[in-house]
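Residue numbers (our numbering): 1 to 115. I have placed the structure first, in the form of structure tokens, so that the comments after it can refer back to it.
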DNA sequence: CGGTTGACTGTTT
DNA sequence: TAAACAGCCAACC
């Protein structure tokens, strides 16, 4: 390896590393449970950055490999987005045995998983 | 380089 | 219970 000069990908933590940690946390959410954006961020060592979690699920192609549908907002609702993946998310959660408390709300007291 | 945006959240009306 | 507000910060003009 060339000694020199170039910083490499293992030095400190570029934003990129934060993305991977967030995806790693989401990957650990067990079936039949959910986690909130804020808790995922916290579990990744990034307190207060819930929006970053949402951004990554929206932008990163790697999000296809994690149970993205188990991430809901702090109100126990599915966050709105440009497309209509919302209905799919609800269907996936229901298929895992999660029951909705009301038309659009999940009971976090029962299903919330914490990293 | 500065303003806008947004799969968010806790607090305050 | 619900809406409005303020704080948040990386990505994107």
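Backbone N, C-alpha and C define an ideal beta-carbon position, used for all residues, glycine too.
Report the residue ranges of all alpha helix (DSSP H) runs contained in full by the region 38 to 69; include only those spanning at least 4 residues, in chain order.
50 to 59, all fully within the region 38 to 69.
Buried or exposed: residue 27, going by 16 or more other Cβ atoms within 10 Å of its Cβ?
Your numbering for residue 27 matches position 27 in the first chain. Flag for residue 27 reads exposed.
Thinking residue 18 and residue 46 are a contact (beta carbons under 8 angstroms), I'd like their distance in whole angstroms, please.
Residue mapping note: residue 18 aligns to position 18 of the first chain, counting from 1. Residue mapping note: residue 46 aligns to position 46 of the first chain, counting from 1. Contact flag correct, Cβ pair sits at about 6 angstroms.
Secondary structure at residue 93, three-state DSSP: helix, strand or coil?
Looking up residue 93 in the first chain gives position 93. If DSSP states are grouped into helix, strand and coil, residue 93 belongs with the helices.
Going by CA-CA distance only, name the one from 57, 38, 58, 43 that's closest to residue 49.
For the purposes of this step, residue 49 is taken as residue 49 along the first chain, with counting starting at 1. Among 57, 38, 58, 43, the Cα nearest to that of residue 49 belongs to 38.
For residue 66, which residues of its own chain have a beta-carbon under 7 angstroms away from its beta-carbon, when the five flanking residues on both sides are left out?
Mapped onto the first chain, residue 66 falls at position 66. Contacts found: 23, 26, 27.
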